[in-house]
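Each remark here refers to the structure printed beneath this line.
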């Protein structure tokens with residue numbers, strides 16, 4: 004579904020609506036939702052998801068600008084309300100191509116024919132059936 008372009012006023016109104024709906028959840032108790040229809044709840048979650056997506060994009064943009072404006076030796080920046088700390092993070096991921104090559108190599112050493120090798124490679128992958136809640140603008 005293609006996203007409709009929004010004017011600044013439309014975005015402002017969307018953010019205002021999202022925040023108004025969200026504020027109900029910040030009290031001592033959950034809001035009374037007994038008469039909320041599924042359609043109302045879908046609209047609320049959709050608003051929040053759109054706001055969240057935009058906020059994530061803006062946060063990444065600002066983080067990039069911060070990185071460009073601080074020295075490489077800087078490890079933290081303090082604002083008046085928050086502190087941003089730069090911490091090194093290492094992620095390990097499986098390289099699917101390397102895994103396939105290794106399985107192929109090991110299977111050849113074991114004397115597998117091409118059909119057996121393909122079965123072993125196919126066994127690396129598994130389909131996972133899930134249900135996702137996706138929200139798109141109407």
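In the numbering used here, the protein residues as written are 4 to 141. A virtual CB, placed ideally from N, CA and C, is assigned to each residue, including glycine. Predicted model only: the values in this text are computed from it and were never measured.
Non-local beta-carbon contacts of residue 9 in its own chain, meaning distances under 8 Å to residues more than five positions away in sequence, involve 17 in chain order. Residue 25 counts as exposed, since fewer than 16 other beta carbons sit within 10 angstroms of its beta carbon. As for any beta strand (DSSP E) of minimum length 3 sitting wholly inside the stretch 34 to 85, the runs are 79 to 81, ordered along the chain. When rounded, the separation of the alpha-carbon atoms in residue 98 and residue 77 is 33 Å. Sorting 90, 63, 55, 36 by C-alpha distance to the C-alpha of residue 75 places 90 at the top.
Sequence-distant partners of residue 54 (beyond 5 residues in either direction) whose C-beta falls short of 7 Å from its own C-beta, in its chain, are 18, 21. Nearest to residue 82 by alpha-carbon distance, out of 110, 56, 69, is 69.
About 49 Å separates the beta carbons of residue 86 and residue 107, which is beyond the 8 Å limit, so they are not a contact pair.
In this structure, DSSP gives residue 105 a helical state, which the three-state scheme calls helix. By the neighbour-count criterion, in which a residue is buried when 16 or more other Cβ atoms sit within 10 angstroms of its Cβ, residue 33 is exposed. Ranked by Cα distance from residue 80, the options 112, 66, 92 are led by 66. Spanning the alpha carbons of residue 112 and residue 105 requires a straight line of approximately 11 Å. Collapsing the DSSP output to three states places residue 88 in a strand. By the Cβ neighbour-count rule, residue 44 is exposed, with fewer than 16 other Cβ atoms within 10 Å of its own.
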